[in-house]
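Data block below; observations after.
Number of protein chains: 2
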Amino acid sequence: MSRDTIVVALGGNALLRRSDPMTVSAQRSNVRIAARALAPICEEHNLVLAHGNGPQVGLLALQAAAYAEVEPYPLDVLGAQTEGMIGYMIEQELGNLVPFERQIATVLTMVEVDPNDPAFDNPTKFVGPQYEPEDAERVASEKGWVFKLDHDKPRRVVASPEPKQIFELEPIRWLIEKGTIVICAGGGGIPTAYLPDGTRTLVGSECVIDKDLAAELLAKNLNADLFIMATDADGVYLDWDTPEQRLLERATPDELRTHEFAAGSMGPKVAAAIRFVEATGKRAAIGSLEDIERIVAGEAGTSIVPSCDT
Amino acid sequence: MSRDTIVVALGGNALLRRSDPMTVSAQRSNVRIAARALAPICEEHNLVLAHGNGPQVGLLALQAAAYAEVEPYPLDVLGAQTEGMIGYMIEQELGNLVPFERQIATVLTMVEVDPNDPAFDNPTKFVGPQYEPEDAERVASEKGWVFKLDHDKPRRVVASPEPKQIFELEPIRWLIEKGTIVICAGGGGIPTAYLPDGTRTLVGSECVIDKDLAAELLAKNLNADLFIMATDADGVYLDWDTPEQRLLERATPDELRTHEFAAGSMGPKVAAAIRFVEATGKRAAIGSLEDIERIVAGEAGTSIVPSCDT
Numbered sequence: 019m020s021r022d023t024i025v026v027a028l029g030g031n032a033l034l035r036r037s038d039p040m041t042v043s044a045q046r047s048n049v050r051i052a053a054r055a056l057a058p059i060c061e062e063h064n065l066v067l068a069h070g071n072g073p074q075v076g077l078l079a080l081q082a083a084a085y086a087e088v089e090p091y092p093l094d095v096l097g098a099q100t101e102g103m104i105g106y107m108i109e110q111e112l113g114n115l116v117p118f119e120r121q122i123a124t125v126l127t128m129v130e131v132d133p134n135d136p137a138f139d140n141p142t143k144f145v146g147p148q149y150e151p152e153d154a155e156r157v158a159s160e161k162g163w164v165f166k167l168d169h170d171k172p173r174r175v176v177a178s179p180e181p182k183q184i185f186e187l188e189p190i191r192w193l194i195e196k197g198t199i200v201i202c203a204g205g206g207g208i209p210t211a212y213l214p215d216g217t218r219t220l221v222g223s224e225c226v227i228d229k230d231l232a233a234e235l236l237a238k239n240l241n242a243d244l245f246i247m248a249t250d251a252d253g254v255y256l257d258w259d260t261p262e263q264r265l266l267e268r269a270t271p272d273e274l275r276t277h278e279f280a281a282g283s284m285g286p287k288v289a290a291a292i293r294f295v296e297a298t299g300k301r302a303a304i305g306s307l308e309d310i311e312r313i314v315a316g317e318a319g320t321s322i323v324p325s326c327d328t
Numbered sequence: 019m020s021r022d023t024i025v026v027a028l029g030g031n032a033l034l035r036r037s038d039p040m041t042v043s044a045q046r047s048n049v050r051i052a053a054r055a056l057a058p059i060c061e062e063h064n065l066v067l068a069h070g071n072g073p074q075v076g077l078l079a080l081q082a083a084a085y086a087e088v089e090p091y092p093l094d095v096l097g098a099q100t101e102g103m104i105g106y107m108i109e110q111e112l113g114n115l116v117p118f119e120r121q122i123a124t125v126l127t128m129v130e131v132d133p134n135d136p137a138f139d140n141p142t143k144f145v146g147p148q149y150e151p152e153d154a155e156r157v158a159s160e161k162g163w164v165f166k167l168d169h170d171k172p173r174r175v176v177a178s179p180e181p182k183q184i185f186e187l188e189p190i191r192w193l194i195e196k197g198t199i200v201i202c203a204g205g206g207g208i209p210t211a212y213l214p215d216g217t218r219t220l221v222g223s224e225c226v227i228d229k230d231l232a233a234e235l236l237a238k239n240l241n242a243d244l245f246i247m248a249t250d251a252d253g254v255y256l257d258w259d260t261p262e263q264r265l266l267e268r269a270t271p272d273e274l275r276t277h278e279f280a281a282g283s284m285g286p287k288v289a290a291a292i293r294f295v296e297a298t299g300k301r302a303a304i305g306s307l308e309d310i311e312r313i314v315a316g317e318a319g320t321s322i323v324p325s326c327d328t
């Protein structure tokens, strides 16, 4: 196939907003909106779609906690469940919009992390529900979970280590070569790590992987022509939340490094964009899902480009 | 690739027996046993692995019911979750046993059913927990669910219609051509149906699909060389549970039709085997997972062969 390959990382909140009830119908209607935005891109490009899973993992954790008769499932297994659930909805809704002949496949994705990643010493990602302080203390001592205050109440935090390797890379590549639309690396991939015993035995890892960094690794390894992070903001802003705030339309990695961005939101996206552009010499972009056709055309969002292009 | 292609349908109870606690560790240890049995087959054959999901869907239904704040998820979505969860465990455990270079991919699988399938008029498959009679009555009127007695208590029953089409067939075929071990059609596939409005809009269907019939459709469409249903019995028995009971080592479809088999257990497997053999002229086999290498060699289990072979 001579089509360009575009990797799109879709924010978890684009699929289920924090204000939405966590019902299937709310998820469906958001997925349908996303599919409508994405379908036109499939006409002239290979599309590889990664997505977040934060709200969905939270729901499964709530359900599992409510059914006390079985130990809550670990984060690798919950992540695998959300890859199935979200991947299915996206595949079905997108499939209803693209020509029937166009193949779509959702490929379960395991991602390797390093058990010695410094992130494990400082867990930062909230998962699951808020707890009452006394419950949090009990659960912390029973399970060794770490809690931090989320607003006024304790909530579990887990590490978010660097993605090192995508195990299903070759199958994903083969499918793209056949023109298949591939949905993969959901939720940043299922976190896995090798046991330290030298046997190359892979096991689940109790952490979460940033979906933008995982999608960047995917885009880089696939040698994608364009890497887009689709979110609810229309691009990267400078001096955000001040009278001088303005959209950055185009920047090089060096220019981006002269600014600071919020650790929880734009920071990881900017970091992922810089990595991709510097590794591949191709364009990355950050912008709103609804603008995605114009982002592909370079007419909306923030484009991050190699130095020589500016 | 010139390797033979073998489709194996793995019983849900082979992965989580009814007597097991529904914990991740119980599932893991069963999956590990299955992976050990299957790994040697991968050396000289292409392996396509389908699997059941009955106990796992039951667990997710229990968890969802326990968390009353969100409407329980429908069976298509729960099925997608189990394809993620079980597929992940199998892929990881099998990956730990086959050479690192051997690619493995779990492909989410949607299967079409006909909304006019007569099975919808007579739901027969139990899903989820037993209810107290008064709760069952209330839920039945609220949600339109059908209940039947399972032993002494009401339990939800759903239809099990015929699988008509596997949507991801081409991607699965392309991966096999590259020698990838493919895990797919988990739980008989995610049940889906076209809306009756002629728009070719695919939606989820509130039913379950027999995993042996779905695996048979997969094996037939892939033109597999051998279709194995691996279960906890060592083959098909005649006069089961009588003093004359004996293992049937080899039979043609016509011979099998002269006997009756239990509707809930061996019946669907025998029906699936007959379909496969008559459609392809290749061999089908039913037997124990632990004997699978010998089943491949035709030295264990029950082989169902075309008439001209006997």
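Chains A and B, in that order, give the protein sequences. Heads up: the first sequence at position 259 corresponds to 277 in the numbering used here, and the numbers run straight through without jumps. Heads up: the second sequence at position 230 corresponds to 248 in the numbering used here, and the numbers run straight through without jumps. Idealized CB from N, CA, C, for every residue including glycine.
Name the one or two DSSP bridge partners that residue i has.
i	result
A:E186	Answer by DSSP bridge pairing: none, since A:E186 is not bridged.
A:D227	Note that residue 227 of chain A is Ile in the sequence shown here, rather than Asp. Looking at the DSSP assignment, A:I227 forms no beta bridge with any residue, so it has no partner.
B:E130	B:Q183, B:T210
B:V25	B:V66, B:F245
B:P172	B:L167
B:L220	B:Y212
A:S321	A:R268, A:A303
B:V145	B:R174
B:C202	B:V125
Would you verify that the beta carbon of residue i is, or is not, closer than 9 Å to some beta carbon of chain B?
i	result
A:T198	yes
A:M19	Caution applies to A:M19, whose pLDDT of 48 falls short of 50 and renders its modelled position unreliable; the value that the coordinates give is listed next. Not closer than 9 Å to any Cβ of chain B, the Cβ of A:M19 fails to qualify, so no.
A:R36	no
A:R54	no
A:Q81	yes
A:T41	yes
A:V88	yes
A:Y12	The question about residue 12 of chain A has no answer here: the residues shown for chain A are numbered 19 through 328.
A:P189	yes
A:L28	no
A:W192	yes
Compare the C-beta of residue i with all C-beta atoms of chain A and state if any pair is closer than 9 Å.
i	result
B:A203	no
B:D94	yes
B:E186	yes
B:Q99	yes
B:A84	yes
B:A235	Position check: residue 235 of chain B holds Leu in this sequence, whereas Ala was assumed. Judged by the 9 Å Cβ criterion, B:L235 is not in contact with chain A.
B:R275	no
B:M103	yes
B:L77	yes
B:S321	no
Quiz item: Can you find at least 3 beta carbon pairs, one from the stretch 253-273 of chain A and one from the stretch 290-308 of chain A, that sit closer than 8 Å?
Solution: With a cut-off of 8 Å, the stretch 290-308 of chain A and the stretch 253-273 of chain A count as touching, because enough Cβ pairs lie within range.
Quiz item: In chain order, which alpha helix (DSSP H) runs of at least 4 residues are fully inside the stretch 280-316 of chain A?
Solution: Qualifying alpha helix (DSSP H) stretches, in chain order: 284-298, 310-314.
Quiz item: Using 8 Å as the threshold, is the stretch 226-238 of chain A in touch with the stretch 176-189 of chain A, meaning 3 or more CB pairs across them?
Solution: Counting Cβ pairs under 8 Å, three or more are found: they touch.
Quiz item: Does the pairing of the stretch 150-159 of chain A with the stretch 105-113 of chain A give three or more beta-carbon distances under 8 Å?
Solution: The answer is no - the stretch 105-113 of chain A does not touch the stretch 150-159 of chain A, with fewer than three Cβ pairs under 8 Å.
Quiz prompt | Cβ contact (3+ pairs, closer than 8 Å) linking the stretch 35-45 of chain A and the stretch 258-267 of chain A | solution = The count of Cβ pairs closer than 8 Å, one atom from the stretch 35-45 of chain A and one from the stretch 258-267 of chain A, stays below three, leaving the stretches out of contact.
Quiz item: Along the stretch 107-133 of chain B, what residues have a CB closer than 8 Å to any CB found in chain A?
Solution: Those would be M107, E109, Q110, G113, N114, F118, Q121, I122, A123, T124, V125, L126, M128, in chain order.
Quiz item: Which ranges would you report for the alpha helix (DSSP H) in the stretch 72-138 of chain A if only whole runs of at least 4 residues count?
Solution: Within the stretch 72-138 of chain A, the runs of alpha helix (DSSP H) that reach at least 4 residues and sit entirely inside it are, in chain order, 72-84, 93-113.
Quiz item: What are the complete alpha helix (DSSP H) segments, minimum 4 residues, inside the stretch 229-280 of chain B?
Solution: For the stretch 229-280 of chain B, whole alpha helix (DSSP H) runs of length 4 or above, ordered along the chain, are 229-239, 271-275.
Self-check item: Three or more C-beta pairs below 8 Å linking the stretch 133-149 of chain A and the stretch 191-201 of chain A
Solution: Between the stretch 133-149 of chain A and the stretch 191-201 of chain A, the count of Cβ pairs shorter than 8 Å is below three; the stretches do not touch.
Quiz item: Does the stretch 200-215 of chain B come close enough to the stretch 64-76 of chain B that 3 or more CB-CB pairs lie under 8 Å?
Solution: The stretch 200-215 of chain B and the stretch 64-76 of chain B touch, with three or more beta-carbon pairs separated by less than 8 Å.
Self-check item: Any 3 or more C-beta pairs closer than 8 Å across the stretch 126-141 of chain B and the stretch 74-81 of chain B
Solution: Too few Cβ pairs lie closer than 8 Å, so no.
Quiz prompt | Where the stretch 202-221 of chain B meets chain A: residues whose CB sits under 9 Å from a CB there | solution = The stretch 202-221 of chain B vs chain A, Cβ under 9 Å: G204, I208, T210, T217, R218, T219, L220, V221.
Quiz item: Pairing CB atoms from the stretch 216-231 of chain A with CB atoms from the stretch 274-283 of chain A, are three or more of them under 8 Å?
Solution: Verdict: no, contact absent.
Self-check item: Against chain B: residues of the stretch 155-175 of chain A by CB proximity under 9 Å
Solution: Residues passing the 9 Å Cβ filter: none.
Quiz item: Is it true that the stretch 167-179 of chain A meets the stretch 99-106 of chain B, where meeting means three or more beta-carbon pairs spaced less than 8 Å apart?
Solution: No, the stretch 167-179 of chain A does not touch the stretch 99-106 of chain B.
Quiz item: For the stretch 211-228 of chain B against the stretch 84-98 of chain B, are there 3 or more C-beta pairs whose distance is under 8 Å?
Solution: Because the criterion of three Cβ pairs below 8 Å is met, the stretch 211-228 of chain B and the stretch 84-98 of chain B touch.
Quiz item: Counting Cβ pairs closer than 8 Å, one from the stretch 301-311 of chain B and one from the stretch 242-256 of chain B, do we hit at least three?
Solution: The stretch 301-311 of chain B and the stretch 242-256 of chain B touch, with no fewer than 3 CB-CB distances between them shorter than 8 Å.
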